[in-house]
Structures are given as C-alpha cells and as structure tokens.
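Numbering (our numbering), first residue to last: 191 to 527.
Here's the structure we're looking at; comments come further down.
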C-alpha cells in the first residue's frame with residue numbers, strides 16, 4: 191500500500207539528464223607518462239617513503255592504514271630555482287566553486303575545487319598544493335577541460351613539502367552535505383571552518399587513476415558508468431522521511447525515480463564509505479526500525495579486510511553496526527547527531 195504512495199509524486203529537476211554528458215576527461219598535468227601507457231611509478235610522486243605507490247589513492251601509506259583521498263602527480267618541468275613550473279588544467283568542463291588562495295588555511299595548501307554540472311552525478315574535482323592560481327580563475331567562472339587553473343607547487347599547512355617532491359594532488363568525488371557547517375560546529379573542532387562546504391572533510395573521493403584507466407580502456411562512457419562499476423562493501427537501511435540534499439544533488443545515484451517522499455532508504459557504500467547507490471523504501475520495507483535507526487544488512491567482509499585505511503562497520507552482539515568513517519558519512523548526509 192505504502193509503496194504506491196511512495197512513487198505518486200516525483201521530484202522534477204528541470205534540464206537534468208540523468209544519463210549525463212559523454213566523458214572526455216583531460217589528464218590534469220603535463221607529465222606524459224599516463225598518456226603513454228607507462229606504469230604509475232613513472233608519474234606518481236612518492237610521499238617521502240621512496241615508494242611511488244604512496245602517491246596513489248586509498249590506503250597507500252603507513253602500511254596500508256593511512257588513507258589518501260586522491261593521487262599525487264609528479265612535476266615534469268622546473269624553473270631556474272628548481273621549483274615546479276607545470277601548468278595544472280581542468281580535467282572536465284565545469285564551474286569554479288571554491289578557491290583557497292592562502293596556503294596556511296588548509297593542508298591542501300593553495301587549492302581549487304571545480305564542480306561539473308554536465309556530468310551525472312555532477313562530481314567535483316580538486317587541485318591542491320598549487321604555487322599560484324591563473325588569472326581570471328575565480329568562483330562562479332565556467333572553465334573548459336584543458337583550461338589552465340594554475341601552476342603546480344608545494345604549498346601546504348602544518349607540514350612542508352620539499353622542493354623535490356612538488357606535485358599536483360588531484361581528486362574526483364562527491365560532496366556530502368550542504369549543512370556541513372552545522373556538523374562542524376557540533377563536532378567542536380576548535381578552529382574556524384575556512385572553506386564552507388568545500389572543506390576536505392565534506393568531500394569524499396574516488397580513485398582518479400582507476401577512473402582514467404577505465405576511460406582509456408573504453409570501459410566507461412559517462413560518469414554514471416563509473417559509479418555503476420563500484421563494488422559495494424556495506425549495504426544498509428535507514429528509516430527516515432528525509433530526502434538528503436546529497437540525493438537531490440546527485441539524483442543519478444538513485445535507482446528509479448527520485449521520490450518527493452520516502453519512508454526510508456537502502457544505501458550501498460563502497461569500501462571508502464562513499465554512498466554510490468540509493469533505493470527509496472516504502473513503509474513496509476522499514477518495519478521494525480525506529481525513526482533514524484540504521485540497520486546494516488550486508489557486509490563484504492573480504493573487501494573490508496583487504497582495505498585497512500577505513501573503518502566502516504563492527505560486529506556487536508551478532509549484528510553489524512556503523513563505526514567511525516561510515517558513521518561520519520551518515521551524520522553529514524542525514525544530519526544524525
């Protein structure tokens with residue numbers, strides 16, 4: 191009975207194509223090794239261990255326990271002082287959403303965030319540790335794939351990047367919440383949020399190198415194809431009539447049509463906690479759940495055992511429960527406190 195009610199009213203988003211524009215990404219730095227099909231150790235910048243893999247995505251540092259949100263691409267050219275001189279370019283057509291021009295305000299150093307409305311989902315890309323920002327690049331400006339954003343560098347805060355390890359830190363991902371400031375205030379971090387909703391804690395990345403490799407191998411045609419390939423690590427259900435702004439921002443991740451009102455959601459998350467597939471639920475499908483209660487219904491234990499840099503669930507009393515990283519995602523997306 192309630193299932194029919196669920197689908198009566200559908201949220202319409204004018205001008206939105208859920209298929210999204212065909213992908214034509216541009217490698218964001220001049221180093222040619224990726225385009226030449228060379229192994230990643232030819233273009234990834236090691237993070238001080240001497241191992242180029244430490245410049246990759248995921249649990250690539252501290253014995254696999256330290257998570258790295260993007261990839262670090264080596265400098266190709268240097269000026270007379272030995273500083274990186276490579277031009278950093280936009281990976282996709284998009285809109286400049288955030289610029290942090292003061293390096294001391296973020297561990298990203300000087301960085302730029304673009305959003306890509308022509309893609310579905312409309313991912314962000316992030317370009318960090320820049321030495322400078324190109325003239326004319328400011329929030330709200332449209333940019334084309336391949337357009338210069340700035341010069342590669344080694345800007346940072348709280349730590350120093352040696353001249354020899356200057357690089358571009360590059361991310362592709364999704365923004366979790368429009369209400370990030372509320373969560374940030376609730377957490378009482380003790381410092382001001384200088385970056386609004388484009389604070390790194392509100393951004394959840396996916397593997398840029400795997401994305402580019404899949405594109406080159408003709409395995410994906412659209413951004414939606416990339417997310418459809420993701421492997422679920424955790425599947426959960428939550429009883430809530432709330433439609434998160436995350437879902438309204440990324441309706442392409444919803445199975446079927448985006449309802450105006452649902453009794454709850456079934457969500458599949460990859461091993462990083464990224465919620466990549468959403469299914470609206472009727473009242474009969476969340477029976478036995480209290481309002482805002484989360485119930486984990488499937489866990490890929492082999493995948494989570496392999497990936498040690500994220501803590502998503504723990505088994506207590508015969509039942510799986512969200513912890514740490516997954517709990518944070520749910521707090522941000524659903525406003526849980």
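All C-beta atoms, glycine included, are put in the ideal place defined by N, C-alpha and C.
Checklist entry - With contact counted as at least three CB pairs below 8 Å, one residue from each stretch, are the region 217-236 and the region 343-358 in contact? => result The count of Cβ pairs closer than 8 Å, one atom from the region 217-236 and one from the region 343-358, reaches three, so the stretches are in contact.
Item to check | Rounded separation between residue 498 and residue 256 - CA only | outcome: In this structure, the CA atom of residue 498 is about 8 Å from the CA atom of residue 256.
Checklist entry - residue 501 and residue 513 look like a contact to me (Cβ under 8 Å); what is the Cβ gap, rounded to whole Å? => result 5 Å between Cβ atoms; contact.
Checklist entry - Between the beta-carbon of residue 280 and the beta-carbon of residue 298, is there less than 7 Å? => result For the 7 Å CB-CB criterion, residue 280 and residue 298 do not form a contact.
Checklist entry - Which residue's Cα is closest to the Cα of residue 302: 343, 493, 270? => result Cα-wise, what sits closest to residue 302 is 343.
Item to check | Unbroken beta strand (DSSP E) run spanning residue 424, endpoints | outcome: Where residue 424 is concerned, the enclosing beta strand (DSSP E) stretches over 424-429.
Item to check | Any 3 or more C-beta pairs closer than 8 Å across the region 413-431 and the region 454-469 | outcome: The region 413-431 makes contact with the region 454-469, as at least three CB pairs between them are under 8 Å.
Item to check | Identity of the residues DSSP links to residue 359 by a beta bridge | outcome: Partner residues in the beta bridge of residue 359, as assigned by DSSP, are 262, 318.
Checklist entry - Using CA coordinates, which residue listed in 337, 276, 504, 492 is at the minimum distance from residue 283? => result Nearest C-alpha to residue 283: 337.
Checklist entry - In the structure shown, what three-state DSSP assignment does residue 371 receive? => result Correct three-state label for residue 371: helix.
Checklist entry - Which residues share a DSSP beta bridge with residue 290? => result According to DSSP, which records beta bridges pairwise, residue 290 is partnered with 301.
Next on the checklist: Do residue 310 and residue 446 count as a contact pair if the criterion is CB distance below 7 Å?
Outcome noted: No, these two residues do not count as a Cβ contact at 7 Å.
Checklist entry - In chain order, what residues of the same chain lie with their CB nearer than 6 Å to the CB of residue 428, ignoring the 5 residues before and after it? => result Apart from sequence neighbours up to five positions away, the residues of its chain that approach residue 428 with a beta-carbon distance below 6 Å are 454, 455, 484, ordered along the chain.
Item to check | Any chain B beta carbon closer than 7 Å to residue 275 | outcome: In the structure shown, chain B does not exist; there is a single protein chain.
Next on the checklist: Cutting at 7 Å between CB atoms, please list the residues of its own chain near residue 396, excluding the five before and the five after it.
Outcome noted: Non-local C-beta neighbours of residue 396 in its own chain, meaning closer than 7 Å and more than five positions away in sequence, comprise 362, 363, 464, ordered along the chain.
Next on the checklist: Tell me which residues share the same chain as residue 295 and place their Cβ nearer than 6 Å to its Cβ, disregarding the 5 neighbours each side in the sequence.
Outcome noted: Closer than 6 Å at Cβ, skipping near neighbours: 384.
Item to check | Segments of 4+ residues assigned as alpha helix (DSSP H) that fall wholly inside the region 431-512 | outcome: 435-439, 491-496, all fully within the region 431-512.
Item to check | Enclosing alpha helix (DSSP H) for residue 255 [first to last residue] | outcome: Looking at the DSSP string, residue 255 is not in any alpha helix (DSSP H), and its letter there is neither H nor E.
Next on the checklist: Just to check my reading of the structure: residue 261 and residue 398 have Cβ atoms closer than 8 Å, yes? What is that Cβ distance to the nearest angstrom?
Outcome noted: Confirmed, about 5 Å.
Checklist entry - Straight-line CA distance for residue 407 to residue 253? => result Distance between the alpha carbons of residue 407 and residue 253 is about 30 Å.
Next on the checklist: Along the chain, where does the beta strand (DSSP E) containing residue 396 start, and where does it finish?
Outcome noted: That run of the beta strand (DSSP E) goes 393-396.
Next on the checklist: Suppose contacts are defined by Cβ-Cβ distances below 7 Å. Is residue 436 in contact with residue 466 by that definition?
Outcome noted: The answer is no: Cβ separation not under 7 Å.
Next on the checklist: For residue 384, list the residues DSSP reports as bridge partners.
Outcome noted: Residue 384 pairs with nothing; no bridge assigned.
Item to check | Collapsed DSSP secondary structure at residue 516 in the structure displayed | outcome: When DSSP states are grouped into helix, strand and coil, residue 516 belongs to the helix group.
Item to check | Range of the contiguous beta strand (DSSP E) that encloses residue 418 | outcome: Following the DSSP letters along the chain, one finds residue 418 in no beta strand (DSSP E) but inside the alpha helix (DSSP H) bounded by residues 413-418.
Item to check | Reduced DSSP secondary structure (H/G/I, E/B, other) of residue 328 | outcome: Here residue 328 sits in coil by DSSP.
Item to check | C-alpha gap between residue 291 and residue 212, whole angstroms | outcome: Approximately 32 Å between the Cα atoms of the pair.
Checklist entry - For the candidate residues 505, 439, 430, whose alpha-carbon lies nearest to that of residue 477? => result Minimum Cα distance to residue 477 is reached at 430.
Checklist entry - Under a Cβ-count criterion, where at least 16 other Cβ atoms within 10 Å of its own Cβ denotes burial, should residue 507 be classed as buried or exposed? => result Label assigned to residue 507: exposed.
Checklist entry - Bridge partners of residue 285, per DSSP? => result Residue 285 pairs with 305, 332.
Checklist entry - Rounded to a whole number of angstroms, what is the C-alpha to C-alpha distance between residue 450 and residue 480? => result Looking at the two C-alpha atoms, the distance is approximately 21 Å.
Checklist entry - Distance, Cα to Cα, residue 381 vs residue 524? => result The straight-line gap from Cα to Cα measures roughly 24 Å.
Item to check | Cross-strand partners of residue 364 (DSSP beta bridge) | outcome: The partner list for residue 364 (beta bridge, DSSP) reads 394.
Checklist entry - Out of curiosity, what's the CA-to-CA distance linking residue 425 and residue 394? => result A straight-line Cα-Cα distance of about 18 Å links residue 425 and residue 394.
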